[in-house]
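The next block holds one structure in the form of structure tokens; read it before the comments.
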């Protein structure tokens, strides 16, 4: 005859079964498809996946000099059949602020549009250009909202913003979580570890903008797969005139000749 299981033993068995199930469910993997639910270790795993998308993107970097800021990035076409002039990785947000990204290009277009709209809204009210930090906060707020809303996903990019205003020159990084921080020099993307190490050796607080451009090009060349030329990298600067602009291929070619 079957052994009789008393009520106490039965409840204990069910509790053990529930404990085993809950411990399996509480692993981080069980929460990997939920954006708005924390895992037991305190992580939002989808944000970590978004950072993986950033780490798989092209290398981008920025350097804040004494009299300006330079941002630069790789711009390699996946095939020689593609028209390189159609690729744009550095965009102007306001006349004095520009941005570069690593990660998913379509996400960058969305944030550029939102950033320009926020800058125009500020100008319409105050009749002056939005300060760099204010625009950084606006974009960071947008990115943070996409980490706690149902039916959306985090932005799969990190941004480097270069700007100049009444408080001086600025370089900020914004991550998919919505966090932002000011940097003297930084790199993001697939080769960011080596690029940051290179920048740590080369950077100094008295660096002029021209030296910063040279250092940015040398840093990109250090980890570049192939030959660097004026068509497969992009450089943007903001100087003493507080005007952001993207260097032309001819200007980049001249700078590359100087660092060779």
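Numbering (this note's numbering), first residue to last: 742 to 1001.
Note that CB positions come from ideal geometry on N, CA and C, so glycine has one too.
Only a predicted model underlies this, so the values are computations on that prediction, with no experimental measurement involved.
Look at the Cβ atom of residue 840, then the Cβ atom of residue 828, and state whether they are nearer than 8 Å.
no
Can we say the region 849-862 touches the region 792-804, given the rule of at least three CB pairs closer than 8 Å?
The region 849-862, when compared against the region 792-804, does not touch it at the 8 Å Cβ threshold.
For residue 826, tell me which candidate among 990, 1001, 956, 998 has the shortest Cα-Cα distance.
990
Please list, in chain order, all residues of the same chain as residue 949 whose beta carbon is under 7 Å from its beta carbon, the five residues on each side excluded.
806, 807, 808
Beta carbon of residue 844 nearer than 8 Å to that of residue 915
no
Alpha-carbon to alpha-carbon, residue 876 and residue 860
7 Å
Identify the continuous alpha helix (DSSP H) that holds residue 938 and give its terminal residues.
933-943
Leaving out the 5 sequence neighbours to the left and right, which residues in its chain are closer than 6 Å to residue 791 when beta-carbon positions are compared?
895, 897, 917
What would DSSP say about residue 866, mapped onto helix, strand or coil?
helix
Could you have a look at residue 746 and say whether DSSP puts it in helix, strand or coil?
Because residue 746 sits at a pLDDT of 45, beneath the cut-off of 50, its placement in the model cannot be relied upon, and the following sentence gives the value as read from the coordinates. Reduced to three states, the DSSP call for residue 746 is coil.
Taking 8 Å as the cut-off, does the region 871-886 touch the region 951-960 (at least 3 CB pairs, one atom from each stretch)?
Touching, no, given that fewer than three Cβ pairs across the two stretches are closer than 8 Å.
As assigned by DSSP and simplified to three states, the class of residue 899
strand
Does the distance from the C-beta atom of residue 901 to that of residue 932 stay below 8 Å?
No. Outside cutoff.
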